Amino acid sequence: MSIEIKNVNKRFGDFVALDNVSVSIPSGQLTALLGPSGGGKSTLLRIIAGLESAESGTVEIEGLNATKLPPQKRNVGFVFQHYAAFKHLSVARNVAFGLEIRKRPKDEIRERVNELLDLVHLRQFADRLPSQLSGGQRQRMALARALAVQPTVLLLDEPFGALDAKVRKELRDWLRRLHDEVHVTTVFVTHDQEEALEVADEIVVINEGRVEQIGSPDELYDQPANDFVMKFLGPVTQLGDRLVRPHDLHLQVGERDAEAVSGRVTRVTRIGFEIRVEVSTGDQVVTVTLNRNEFLSLGIGTGAEVQVRVAPDVPAVVRAAA
Amino acid sequence: MAKYALRLTVIAYLFFLVAWPLYLVGKNAFANGLDNITGILEDPDIVHALTLTVQVAVIAVIINTVFGVGISLLLVRYEFPGKRLLSAMLDVPLSVSPIVVGLALVLVYGGRNGWFGPALENAGFQVIFSTPGIVLATVFVALPLVIREVVPVLEEVGDEQEQAARSLGANAVQTFRRITLPSIKWGVIYGVVLSLARSLGEFGAVKVVSGNVLGQTRTATLVVEEKYLNFDKGGAYATAFLLALVAVACIITVSILRPKEDR
Numbered sequence: 010m011s012i013e014i015k016n017v018n019k020r021f022g023d024f025v026a027l028d029n030v031s032v033s034i035p036s037g038q039l040t041a042l043l044g045p046s047g048g049g050k051s052t053l054l055r056i057i058a059g060l061e062s063a064e065s066g067t068v069e070i071e072g073l074n075a076t077k078l079p080p081q082k083r084n085v086g087f088v089f090q091h092y093a094a095f096k097h098l099s100v101a102r103n104v105a106f107g108l109e110i111r112k113r114p115k116d117e118i119r120e121r122v123n124e125l126l127d128l129v130h131l132r133q134f135a136d137r138l139p140s141q142l143s144g145g146q147r148q149r150m151a152l153a154r155a156l157a158v159q160p161t162v163l164l165l166d167e168p169f170g171a172l173d174a175k176v177r178k179e180l181r182d183w184l185r186r187l188h189d190e191v192h193v194t195t196v197f198v199t200h201d202q203e204e205a206l207e208v209a210d211e212i213v214v215i216n217e218g219r220v221e222q223i224g225s226p227d228e229l230y231d232q233p234a235n236d237f238v239m240k241f242l243g244p245v246t247q248l249g250d251r252l253v254r255p256h257d258l259h260l261q262v263g264e265r266d267a268e269a270v271s272g273r274v275t276r277v278t279r280i281g282f283e284i285r286v287e288v289s290t291g292d293q294v295v296t297v298t299l300n301r302n303e304f305l306s307l308g309i310g311t312g313a314e315v316q317v318r319v320a321p322d323v324p325a326v327v328r329a330a331a
Numbered sequence: 008m009a010k011y012a013l014r015l016t017v018i019a020y021l022f023f024l025v026a027w028p029l030y031l032v033g034k035n036a037f038a039n040g041l042d043n044i045t046g047i048l049e050d051p052d053i054v055h056a057l058t059l060t061v062q063v064a065v066i067a068v069i070i071n072t073v074f075g076v077g078i079s080l081l082l083v084r085y086e087f088p089g090k091r092l093l094s095a096m097l098d099v100p101l102s103v104s105p106i107v108v109g110l111a112l113v114l115v116y117g118g119r120n121g122w123f124g125p126a127l128e129n130a131g132f133q134v135i136f137s138t139p140g141i142v143l144a145t146v147f148v149a150l151p152l153v154i155r156e157v158v159p160v161l162e163e164v165g166d167e168q169e170q171a172a173r174s175l176g177a178n179a180v181q182t183f184r185r186i187t188l189p190s191i192k193w194g195v196i197y198g199v200v201l202s203l204a205r206s207l208g209e210f211g212a213v214k215v216v217s218g219n220v221l222g223q224t225r226t227a228t229l230v231v232e233e234k235y236l237n238f239d240k241g242g243a244y245a246t247a248f249l250l251a252l253v254a255v256a257c258i259i260t261v262s263i264l265r266p267k268e269d270r
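These protein sequence lines map, in sequence, to chains A and B. Read in order, the letters of the first sequence correspond to residues 10 to 331 in the working numbering. Read in order, the letters of the second sequence correspond to residues 8 to 270 in the working numbering.
Following this line, the structure appears as structure tokens:
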């Protein structure tokens with residue numbers, strides 16, 4: 010295990026940011042810390058980096074007890090949400106910073122900087138100032154800067170949070186491909202479950218200062234440990250006392266069978282390829298999503314009488330909290 | 008229309024309050040051609056006073072810059088009890104009359120009756136009626152100028168760049184030299200210029216603590232007063248002109264050099 014966090018507590022005044030958190034983060038993988046804002050995930054990342062100190066507990070990085078080490082001795086790369094570019098230095102000098110601090114020979118620095126700028130596709134901007142770059146370019150520069158010192162672990166705090174949707178998607182794919190090339194142990198914080206599911210090998214769900222669940226994207230999506238994880242990772246609807254994903258529900262017309270609940274269609278919304286049908290079963294409104302063909306073959310509209318049932322062999326079903 | 012009226016008011020205000028009186032000082036300094044200026048530059052006592060003023064100002068500015076940047080970092084980057092009180096205290100030198108500052112310093116460092124002065128005097132270190140006292144008074148009155156320029160810049164820059172530098176392996180000194188100082192450079196320079204101008208022109212506090220001994224502890228501003236009271240108006244205006252010239256030149260140079268996007 011690359012990063013071992015044991016019994017870490019952190020408080021800001023009366024606010025409990027981390028409540029006895031223990032996590033093991035595997036070597037060489039891309040791990041996401043996922044959770045709602047204010048849940049403590051950024052604090053945990055900053056404690057790993059040494060930018061915050063834990064009140065109690067230990068942090069071990071690659072077998073080295075780093076709990077008391079200052080950030081500059083931990084050999085971690087850190088990427089900030091708002092880039093933290095050194096505004097008075099050119100792109101190349103930004104990337105070279107860590108190497109200059111380590112007093113590497115000039116030739117080596119130049120070579121390594123060029124290599125990294127190629128990796129992040131910024132070679133032609135080497136002499137520009139960060140203010141002359143777009144947000145996505147600045148974040149790639151920040152990533153190159155963090156990678157330059159060959160960190161043991163790379164930590165990214167909401168790295169795409171300040172970017173617009175399109176650039177965000179591109180950078181996300183790019184980060185995944187970059188990680189497949191570089192293989193450095195990477196931890197990134199996000200509140201976007203889609204981002205975590207798409208990019209990460211392993212996800213740690215954190216809420217209200219506690220770890221809710223740790224697992225692969227498939228495990229978390231298919232076998233959520235509790236209703237919080239289930240609700241946070243994707244759309245959820247309630248049928249009777251069960252929480253289900255709307256796409257795991259089937260609609261049928263005609264004969265009523267024992268497992269189905271009958272209801273009336275109250276609303277039909279189309280979102281691109283997906284049709285969202287709301288069915289009122291009397292005491293609750295159930296949302297069912299279908300694809301276009303399924304919907305057309307049912308031949309229903311608003312006001313139709315239908316039967317709703319959970320599709321067979323659906324893994325993700327959680328009893329609703331009372 | 009209102010815009011032009013406002014502009015005109017501001018220009019007229021500045022003209023009658025600042026530009027016109029300053030111009031008249033210059034005009035009177037050169038009333039007899041260069042005679043007034045050469046007159047004071049040939050008087051060894053006045054040259055001594057001008058040199059003393061420059062020395063005191065430079066020392067005071069160096070002290071105020073080092074402590075000013077340090078205190079600014081303390082105020083912006085750290086949380087500690089009594090921070091607001093410290094911040095309020097730093098404005099005291101600006102709000103208290105310099106002559107009060109002078110009297111207060113005499114009470115503490117005065118050679119005969121001061122609280123701390125006799126001890127220092129026994130150790131062979133005279134503060135009041137000597138150059139250290141003049142420096143002390145000047146440092147006191149110009150204390151907040153660097154801080155008030157640097158604090159807002161530090162706040163605006165934030166500490167993320169510093170954290171990034173730390174995570175890249177820089178220690179505290181390297182982070183300060185390579186990241187913090189370049190980002191607050193213009194704030195520091197502007198603060199230095201303002202305190203230099205203020206230090207050159209300090210009068211009240213210096214008058215009390217210096218003893219005003221001709222050729223020893225008399226500074227340029229004290230020369231101006233002395234000459235003016237002794238009906239040597241030409242000499243007074245010439246000295247005043249030199250003082251104003253240096254201060255105005257500093258401020259103009261910096262406002263020209265300062266990059267526009269930095270504010």
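Every residue, glycine too, gets a C-beta built ideally from N, C-alpha and C. All values reported here derive from a predicted model rather than from experimental measurement.
Give me the Cβ distance between B:L221 and B:D52, rounded to the nearest whole Å; I'm assuming they're in contact under 8 Å.
About 5 Å separates the two Cβ atoms, so the contact holds.
Taking the alpha-carbon positions, what's the B:Q1 to B:G124 distance?
The structure shown does not extend to residue 1 of chain B, since chain B is modelled only from 8 to 270, so the question has no answer here.
B:D269 to B:E163, Cα distance in whole Å?
Note that B:D269 scores 46 on pLDDT, short of 50, meaning its location in the model is unreliable and no value can be drawn from it.
Would you say A:V85 lies against chain B (beta-carbon separation less than 8 Å)?
By this cut-off, A:V85 is an interface position.
Against chain B, does A:R111 count as a neighbour if the rule is that its beta carbon must be under 8 Å from one of theirs?
Taking Cβ atoms only, chain B reaches closer than 8 Å to A:R111, which makes this a yes.
In this structure, what does DSSP give as the bridge partners for A:S271?
Its beta-bridge partners are A:Q316.
Taking the beta strand (DSSP E) that A:R285 falls in, what are its first and last residues?
Where A:R285 is concerned, the enclosing beta strand (DSSP E) stretches over E283 to S289.
What are the boundary residues of the beta strand (DSSP E) that A:S65 is part of?
Per DSSP, A:S65 belongs to the beta strand (DSSP E) from S65 to I70.
Secondary structure, beta strand (DSSP E): runs of 3+ residues fully inside the segment 204–266 of chain A:
Runs found: 211–216, 219–224, 246–248, 251–253 and 258–261.
I'd like to know if A:K19 contacts chain B, where contact means its C-beta is closer than 8 Å to some C-beta of that chain.
For A:K19, the closest Cβ of chain B is not nearer than 8 Å.
A:I280 in three-state terms, based on DSSP
If DSSP states are grouped into helix, strand and coil, A:I280 belongs with the strands.
Establish whether the CB of B:P266 and some CB of chain A are separated by less than 8 Å.
Cβ-Cβ to chain A under 8 Å: no for B:P266.
Please name the residue or residues paired with A:G86 in a DSSP beta bridge.
Its beta-bridge partners are A:L163.
Chain B beta carbons: is any one of them nearer than 8 Å to that of A:F95?
A:F95 counts as touching chain B.
Excluding the five sequence neighbours on either side, which residues of its own chain have a C-beta within less than 8 Å of the C-beta of A:E268, listed in chain order?
Within the same chain, A:E268 has close Cβ partners R318 and V319.
Going by beta-carbon coordinates alone, are B:T187 and B:I47 separated by less than 8 Å?
Annotated as distal: B:T187 and B:I47, with beta-carbon spacing of 8 Å or more.
Residues in the segment 60–77 of chain A having any Cβ partner in chain B nearer than 8 Å:
Correct list: L60.
Taking only the alpha-carbon atoms, compute the straight-line gap between A:F197 and A:D257 and give it to the nearest angstrom.
When rounded, the distance between both Cα atoms is 30 Å.
Continuous alpha helix (DSSP H) stretch holding B:A171: start and end
If you look at B:A171, you'll find it in the alpha helix (DSSP H) that goes E167 to S174.
Taking the beta strand (DSSP E) that B:T86 belongs to, which residues open and close that run?
A small fix is needed here, since residue 86 of chain B is Glu in this sequence, not Thr. Looking at the DSSP string, B:E86 is not in any beta strand (DSSP E), and its letter there is neither H nor E.
Taking all protein chains shown into account, do 16 or more other C-beta atoms lie within 10 angstroms of the C-beta of A:S51, making it buried, or fewer, making it exposed?
So A:S51 ends up on the buried side.
Please work out which residues of its chain come closer than 7 Å, Cβ to Cβ, to B:V253, disregarding the five sequence neighbours upstream and downstream, and give them in chain order.
Excluding its 5 nearest sequence neighbours in each direction, B:V253 has C-beta neighbours in its own chain below 7 Å: L207, listed in chain order.
Give every residue of the same chain whose Cβ lies closer than 7 Å to the Cβ of B:L101, excluding the five residues on either side of it in the sequence, and list them in chain order.
Taken in chain order, the residues that qualify are P151.
If we ignore side chains and look at the alpha-carbon of each, how far apart do A:E228 and A:E217 end up?
C-alpha separation (whole angstroms): 22 Å.
What first and last residue would you give for the beta strand (DSSP E) that runs through A:R9?
No answer is possible for residue 9 of chain A: it lies beyond the span of chain A, which begins at 10 and ends at 331.
DSSP-derived helix/strand/coil call for A:F197
Three-state result, A:F197: strand.
Just to confirm, is the Cβ distance from B:A144 to B:G109 under 8 Å?
Going by C-beta atoms, B:A144 is nearer than 8 Å to B:G109.
Given a threshold of 16 other Cβ atoms within 10 Å of its Cβ, counted over all protein chains shown, does A:D166 qualify as buried or as exposed?
Its Cβ being crowded by 16 or more others within 10 Å, A:D166 is buried.
Beta carbon of A:V158 nearer than 8 Å to that of A:G107:
Yes, they are a contact pair.
Taking Cβ-Cβ distances shorter than 7 Å, what residues in chain A pair up with B:G176?
The answer, in chain order, is Q81, G107, I110, R111 and V158.
Along chain B, which residues have their Cβ under 7 Å away from the Cβ of A:H91?
The contacting residues are E167.
Look up A:N74 in the DSSP assignment and give the residues it is bridged to.
Beta-bridge pairing links A:N74 to A:E69.
Sorted by chain position, which residues of the same chain lie with C-beta nearer than 6 Å to A:E221's C-beta, five sequence neighbours on each side aside?
Result list for A:E221: V214, F237 and V238, in chain order.
For my contact list, A:G145 and A:V176 are in at a C-beta cut-off of 8 Å; report their separation, rounded to the angstrom.
Contact holds; Cβ gap of about 4 Å.
Report yes if the C-beta distance between A:A94 and A:P168 is below 8 Å; otherwise report no.
Going by C-beta atoms, A:A94 is not nearer than 8 Å to A:P168.
Going by CA-CA distance only, name the one from A:T76, A:G22 and A:E13 that's closest to A:S33.
For A:S33, the closest alpha carbon among the candidates A:T76, A:G22 and A:E13 is that of A:E13.
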